[in-house]
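One structure below.
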Amino acid sequence: MYGLPLIVILILLGGIIAYLGDRVGMRVGRKRLTLFGLRPKHTSVIITVATGILIVGASLAVLTIASEEVRTALFRMREIQEALVTTRLQYEGVVEELARQRAELERTQAQRDAATQELAVVEERLQRIGTEYEQAVAALQDAQDNLEFTRQRVSNLQQIGEELQRRIEEMQGRIAEMEAEIEVLEAQIRAANLQLDIVRGGELSFQAGDIVLATVLDGGASLTEVEEQLLELLERADLLAVQRGARLPGAQPPTALQLPDGVFEGAARILAASPQRWVVRVVSLYNTTVGEPLTVDFALIEEQLIYRQGETIAETVVEGQASGLVRDELFRLLQSVYDAAIARGMLTDESGFVSEGVSLQEFVDAISRVEQLGGPVRVRAVAAEDTYNTQWPLRIRLEVESAG
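All residue numbers for the sequence shown refer to our numbering, where the first residue is 110 and numbers rise by one.
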């Protein structure tokens, strides 16, 4: 029973009880009756209060009998609230995981689309060059036919024959150029196909943007000295690239690196012209599979203070207390420290690390502290000292505090 009928019943019930209470009060007043030896005035007050209590009690009884929702609100509200909180936490966890999976999917799709688009462009260029090549071959054949016909018909047209021969040689040169361009385009197609294979799970020796090797060089030296230092850096980087599977086809002994034109000279001029200290990185330009040559560039970052002592480098909030979950969150935090330091130009060692990380004991202590606090816990990775990007390693410590 809901709505207007219930309201009417409650009004009538309250009115009846109030009326009865009023009648009882009037009788008590007229006859000056008393309860518990009290004065008639106090007895009347008690009757009035009892009447109000009866009205409220009767209203609650009617509502409880008539409505399942009222019974739930009166007797199971706390249980429902606790279940609602648990469900909300589970929902937020699922939403966060879904967002992460969607971001990963979008990144992979973007890589696939870029590789597919590049492949389509190269194939279109190859088709156009192939058409031009066929036209040139046909023109060459025509010219050769004309030359042979002319030689057979008249011997006094030697000048025309020489001109035709020159045209043939030009066309042969053009054909040679086109064949070379076709080889380049076929190599680009192979690279694009390899890029598609990479998106689908091919084995990479280096990804685009990977730091092959980094070092610190003092600017202001002579151009010759700077070039010698850069050559030494490239030799070390080449050795690391070969160890990871990159190769220049047919190179003996094995080598891997190749630089775009002008990169080496441009970097040397910048370093020679500046009095600053520099972090010099050898950086992979493209995704490179095992067995491919590694195309690299120089990244030059001036010396600078990147973190002050106590400055937060990265932080995370740990929701669960299971040791496995806490450990994974801390590993992700350390990866965030690496990404942040790389973005600020921090020097890396030959293994690609910017820091020695934290000791095993400190890592275990952080896990224990998170488990002890319970609930949401904030873990921050902070700089242990003032750090310049030219001073390896980046020293950090972990700070754990409640996020509630």
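Glycine is no exception: its CB is placed at the ideal position from the N, C-alpha and C atoms. Everything numeric in this text was worked out from a predicted model, so none of it was measured.
Under the 10 Å beta carbon count, Tyr200 is surrounded by fewer than 16 other beta carbons and is classified as exposed. Between Pro402 and Leu357, the alpha-carbon positions lie close to 5 Å from each other.
Here Tyr416 is not near Thr404, since their CB atoms are 8 Å or more apart. In summary, Asp347 is buried, with 16 or more beta-carbon neighbours lying within 10 Å of its beta-carbon over all protein chains present. Gly161 is classed as exposed because its beta carbon has fewer than 16 other beta carbons within 10 Å across all chains shown. Arg378 is classed as exposed because its beta carbon has fewer than 16 other beta carbons within 10 Å across all chains shown.
Taking Arg506 as reference, the option from Asp251, Leu469, Val491, Arg478 with the minimal CA-CA separation is Val491.
When secondary structure is reduced to three states using DSSP, Arg209 falls in the helix class. Around the beta carbon of Phe440, fewer than 16 other beta carbons lie within 10 angstroms, which makes this residue exposed. No residue range can be given for Ser383, since it is assigned to no alpha helix (DSSP H) and is classified by DSSP as neither H nor E.
Taking 8 Å as the cut-off, the beta carbon of Glu465 is found no closer than this to the beta carbon of Leu349. Contact annotation: Met455 and Val467 have beta-carbon atoms that are not nearer than 8 Å.
Arg487 is a Cβ neighbour of Val426, given a cutoff of 8 Å. Closest by C-alpha distance to Glu341, out of Tyr242, Ile238, Ala323, Gln361, is Ala323. Around the beta carbon of Leu503, 16 or more other beta carbons lie within 10 angstroms, which makes this residue buried. Between the alpha carbons of Thr225 and Leu193 lies a distance of about 47 Å. Taking the C-beta atoms as reference points, Val389 is found no nearer than 8 Å to Phe373.
For the region 338 to 417, the continuous alpha helix (DSSP H) assignments of 4+ residues that do not extend past its boundaries occur at 372 to 382, in sequence order.
Along the length of the region 449 to 509, whole alpha helix (DSSP H) runs at least 4 residues long occupy 469 to 482, reported in chain order. Annotation: the continuous beta strand (DSSP E) that includes Glu424 extends over 421 to 427.
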